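First the structure, in the form of structure tokens, and then the observations on it.
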């Protein structure tokens, strides 16, 4: 499909935000490799990381066909301000409860986003979306299981999961920061919009959190943490990008 | 590498030759039986082979592309081009019956056939490949590679892996 200049900007911004979220949370999840509280959890976080980084790579490849640099250059050489990731994914891994809750909230948003994108007019993305749904099903299955078990296990685990939910919820709302190009994306039948996604996300997570005896913060206390989609980031992103790109920058032409 | 001379090569020849190219992690299943060879086009000068990844983050894909290319180049004087795309999305129903047998031979519980949607009980209930018991529990939906999950058999008390169903 041929896009005019504004439409092309809209499409690129949209793809960057999806893939950047996946790359960053993928990298964060990989930081549990070797540190997981159980060997199975070590493996789970490492596998989820591998999935998400692989998924990001294929979306960067679509961007490459739209005139952007190749996937590695996109991933490892951009400045923090060029990233469109939301703040939720940038935070350090923290305690395991924080990482689990972050994954739970993020995985469901991502699962629904790709469900919505299965029929997007951006054909290459539609194919990926169909592919990713099956993979992300395992990611949500993982986080759902642990959220339910720890939410109800004992007083301490319940308190920790509730605290993690309180800490991550406003950050998670930042996933749904509306784009200035939302109208273009809708007109082009690319994406229905962030508020539709947010509504479906709330419908999905509410019964699961209830089952885990966890309470979503009062609506009056919601303060979505925006800015990431416009290039304003947490203090944690830049050092992370430094580390992520370190090997690539040593010799960008190296063959692996 | 030795270069072959077959010119009147057919699609069937290519598929037959690819029976020798195995999954690098599971040497009892070929790339054909795994279902990742999605198209073979034999032209006058070039053979075009299209593959699709099992998982989008699968690190073995590049290796398998090269193995496929090398194998067919050995066979024919025609050019060989191997590309990967997502035109068809791989799912475990694409594994052939022979492929399922191959998985078992490697000690992996094969994935159950599904109707397009993977149900939660298909993931959690695997048949122990060692004793055949279904009295098993899932330990983790993630295993040593992206395509495997970890299980435990309550009857023979062994841990085992399943090639997990994917829709």
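Residue numbers (my numbering), protein chains in the order written: chain C, 5 to 260; chain F, -4 to 162. Glycine residues also receive a C-beta, built at the ideal position from the N, C-alpha and C atoms. Predicted model only: the values in this text are computed from it and were never measured.
Do residue j and residue i count as a contact pair if the criterion is CB distance below 8 Å?
| i | j | result |
| --- | --- | --- |
| residue 124 (chain C) | residue 195 (chain C) | yes |
| residue 20 (chain F) | residue 138 (chain C) | no |
| residue 52 (chain F) | residue 58 (chain C) | yes |
| residue 55 (chain F) | residue 18 (chain F) | yes |
| residue 100 (chain F) | residue 76 (chain F) | no |
| residue 159 (chain F) | residue 139 (chain F) | no |
| residue 216 (chain C) | residue 149 (chain C) | no |
| residue 136 (chain C) | residue 67 (chain C) | no |
| residue 80 (chain C) | residue 252 (chain C) | yes |
| residue 173 (chain F) | residue 8 (chain F) | Not covered by the structure: residue 173 (chain F). The range shown for chain F is -4 to 162. |
| residue 172 (chain C) | residue 117 (chain C) | no |
| residue 62 (chain C) | residue 248 (chain C) | no |
| residue 147 (chain C) | residue 111 (chain C) | yes |
| residue 134 (chain F) | residue 141 (chain F) | no |
| residue 155 (chain F) | residue 112 (chain F) | no |
| residue 166 (chain C) | residue 218 (chain C) | yes |
| residue 83 (chain C) | residue 56 (chain C) | no |
| residue 183 (chain C) | residue 233 (chain C) | yes |
| residue 91 (chain F) | residue 38 (chain F) | no |
On the DSSP bridge assignment, give the partners of residue i in chain order.
| i | result |
| --- | --- |
| residue 159 (chain C) | DSSP, once it has assigned bridges, lists no residue as partnering residue 159 (chain C). |
| residue 157 (chain F) | F:104 and F:144 |
| residue 76 (chain F) | F:43 |
| residue 134 (chain F) | Per DSSP, none; premise fails for residue 134 (chain F). |
| residue 36 (chain F) | F:43 |
| residue 21 (chain F) | F:18 |
Is residue i close to chain C, meaning its C-beta is less than 8 Å from at least one C-beta of that chain?
| i | result |
| --- | --- |
| residue 39 (chain F) | no |
| residue 25 (chain F) | no |
| residue 158 (chain F) | no |
| residue 75 (chain F) | no |
| residue 20 (chain F) | no |
| residue 153 (chain F) | no |
| residue 141 (chain F) | yes |
| residue 67 (chain F) | no |
| residue 113 (chain F) | yes |
| residue 145 (chain F) | yes |
| residue 118 (chain F) | yes |
| residue 162 (chain F) | yes |
| residue 149 (chain F) | no |
Any Cβ of chain F within less than 8 Å of the Cβ of residue i?
| i | result |
| --- | --- |
| residue 74 (chain C) | no |
| residue 112 (chain C) | no |
| residue 51 (chain C) | yes |
| residue 54 (chain C) | yes |
| residue 200 (chain C) | no |
| residue 282 (chain C) | Summary: the structure shown does not reach residue 282 (chain C), with chain C confined to residues 5 through 260, and so no result is reported for it. |
| residue 145 (chain C) | yes |
| residue 116 (chain C) | no |
| residue 179 (chain C) | no |
| residue 12 (chain C) | no |
| residue 48 (chain C) | yes |
| residue 248 (chain C) | no |
Within the present structure, is the beta-carbon of residue i separated from the nearest heavy atom of the ligand ATP by less than 7 Å?
| i | result |
| --- | --- |
| residue 117 (chain C) | Although the ligand ATP was asked about, the structure shown includes no ligands whatsoever. |
Compare the C-beta of residue i with all C-beta atoms of chain A and state if any pair is closer than 8 Å.
| i | result |
| --- | --- |
| residue 187 (chain C) | Structure shown: chain A not included; protein chains present are C and F. |
### Message
For the stretch 57 to 68 of chain C, list every residue whose C-beta sits within 7 Å of some C-beta in chain F, in sequence order.
### Response
Those residues of the stretch 57 to 68 of chain C that come within reach of chain F (Cβ to Cβ, closer than 7 Å) are 57, 58, 59 and 62.
### Query
Going along the chain, which residues of the stretch 78 to 105 of chain F sit with their C-beta nearer than 7 Å to a C-beta in chain C?
81, 82, 84 and 86
### the stretch 122 to 138 of chain F: positions lying closer than 9 Å to chain C by Cβ
134, 135, 136, 137 and 138
### Query
Going along the stretch 127 to 142 of chain C in order, which residues come within less than 9 Å of chain F, judged by CB to CB distance?
Listed by position along the chain: 128, 131, 132, 134, 135, 136, 137, 138, 139, 141 and 142.
### Query
Could you give the uninterrupted runs of the alpha helix (DSSP H) lying entirely in the stretch 90 to 169 of chain C, keeping only those of 4 residues or more?
91 to 94, 100 to 120 and 127 to 157
### Query
When Cβ atoms are compared, which residues of the stretch 14 to 31 of chain C fall closer than 9 Å to chain F?
30
### Interface residues of the stretch 208 to 224 of chain C facing chain F [CB-CB below 7 Å]
none
### Task
Entirely within the stretch 25 to 93 of chain C and at least 4 residues each: give me those alpha helix (DSSP H) ranges in chain order.
Taking only runs of at least 4 residues, the alpha helix (DSSP H) segments lying wholly in the stretch 25 to 93 of chain C are 43 to 69 and 75 to 81.
### Task
Tell me the start and end of each unbroken alpha helix (DSSP H) in the stretch 170 to 227 of chain C that is at least 4 residues and wholly inside, in chain order.
186 to 191 and 198 to 215
### Query
Using a beta-carbon distance cut-off of less than 9 Å, what residues from the stretch 78 to 106 of chain C approach chain F?
none
#### Entry: Selection of the stretch 44 to 55 of chain F by Cβ proximity to chain C, strictly under 9 Å
47, 48, 50, 51, 52, 53 and 54
### Query
Just by C-beta distance, which residues in the stretch 161 to 188 of chain C are closer than 7 Å to chain F?
none
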